[in-house]
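Per the UniProt record's numbering, numbering through the sequence shown is continuous, rising by one, with the last residue being 279.
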Amino acid sequence: MSSLVDWKRSGDYSDIIYETAEGIAKITINRPERHNAFRPQTLFELQHAFNEARDDSEVGVIIFTGAGDQAFCSGGDQKIRGDDGYIGDDQMARKGIGRLNVLDLQVQIRRLPKPVICMVAGWSIGGGNVLQVCCDLTIAADNAKFGQTGPKVGSFDGGYGSWLLAETVGLKKAREIWYLCRQYSAQEALDMGMVNTVVPLADLERETVTWARELLEKSPMALRMLKGAINAVSDGAAGMQQFAGDATMLYYMSEEAQEGRDAFKEKRRPEFDKFPRRP
Ligand code: S0N
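Next up, the structure:
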């Protein structure tokens, strides 16, 4: 794959790679021997890396991808799936308790106030495809294949995996994808609105970086508010809570709000009269 970017790697991770360059963070699931299936440790590391990207004021866009050209992600690692979730090697596992911590990552991607582009080569399957659906934009290589497998392997995602997919591709198509567990080509995924564009595999990173650079030219606050607004409709009260928080942040940044703060600190009456009562 050709890359136009001189990525700088950081962090101490076993299951993922975290890289940054030119205002872009690239987060890569690095378990190609299992088609980048995730285990609890993978998800802890992904959550850490997404948080790093969120907190880094130099970063404006995140690319989420999988190592190699055979898979973005094949979902939960079925080889370490216990009777109540995925068994890691942490204190929960020592008590025989499993985890479904991919749900926390889904929420984190939705709430992260920067665009997340999913870059898919090869398989985007099961819980991996749900993560793809949760991302803001998806660039697919022409070898990408998409699908859900839950009813085949004894699982289902009744959250974002179901209704956000239905919102993305329509109810009938979402039912077909989940009920029949078929696999869809990149072109079919494009036709149903599940991805934004399809490019030759050799151009995948180049094209994704082009989209990222285009996003970096735009107003970060406008992008933040648009992401919040689009997600608020489908995230209900939780989405409104985030959007309301952004409104508070913008208000804090105004002279009017700062007058209230300053008056309190200076033990005087706030002079709100100087601010217009806007129509
Ligand atoms: C992707 C498939 C179709 C690719 O087939 P292909 O090309 O023939 O390759 P394989 O030879 O099958 O795979 C290569 C190696 O990779 C291993 N591997 C692939 N996928 C996984 C996986 N998910 N877990 C563990 N290993 C995997 C193969 O085993 C093989 O290695 P070797 O040769 O050493 O055995 C094909 O691989 C496939 O169908 N994979 C499984 C896809 C799948 O069913 N994924 C799980 C779906 N479910 C979830 O993701 C659950 C999501 C979730 O976490 C969740 C979310 C909300 C609520 C609940 C849950 C929940 O946990 O249930």
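From the three backbone atoms N, C-alpha and C, an ideal C-beta is built for every residue, glycine too.
Contact annotation: H35 and A71 have beta-carbon atoms nearer than 7 Å. Relative to the ligand S0N, the beta carbon of V107 is positioned no closer than 6 Å to any heavy atom. Taking 6 Å as the cut-off, one finds at least one heavy atom of the ligand S0N near enough to the beta carbon of V153. For the pair I16 and D77, the Cα-to-Cα distance works out to about 15 Å. Looking at the backbone, the Cα of R182 and that of G127 are separated by about 15 Å.
Close CB contacts of E45 within its chain, under the 6 Å cut and outside five residues either way in sequence, are with Y13, D15 and I16 (chain order). Judged by DSSP secondary structure, C73 falls outside any alpha helix (DSSP H) and instead within the beta strand (DSSP E) spanning A71 to C73. DSSP, read as helix, strand or coil, puts R54 in helix.
By the criterion of a C-beta distance shorter than 8 Å, E256 is surrounded in its chain by F272 and F275, once the five residues flanking it on both sides are discounted. Relative to the ligand S0N, T65 has its C-beta separated by 6 Å or more from all heavy atoms. In this structure, the alpha-carbon of M119 lies about 9 Å from that of L137. Here I117 really is in contact with I139; their C-beta atoms are around 6 Å apart, less than 8 Å.
F38 and S219 have their C-alpha atoms spaced approximately 34 Å apart. Looking at I87, N129 and T20, the one whose alpha-carbon comes closest to that of M194 is N129. When C-alpha distances from G75 are compared across N196, Y252, Y179 and F146, the shortest belongs to F146. By the CB criterion at 7 Å, A247 and L204 fall outside the cutoff. Between A174 and A186, the gap from beta carbon to beta carbon reaches 7 Å or more.
In this model, Q47 and R277 are separated by some 43 Å (Cα to Cα). In this structure, E207 keeps its C-beta atom at 7 Å or more from the C-beta atom of V198. The residue among V102, G161 and Y18 with its C-alpha nearest the C-alpha of I63 is Y18. According to the DSSP assignment, V209 belongs to no beta strand (DSSP E) but to the alpha helix (DSSP H) extending over L204 to L216. Note: Y184 is bridge-paired with F146 in the DSSP secondary-structure output. Excluding its 5 nearest sequence neighbours in each direction, Q41 has C-beta neighbours in its own chain below 6 Å: D15 and G88, listed in chain order.
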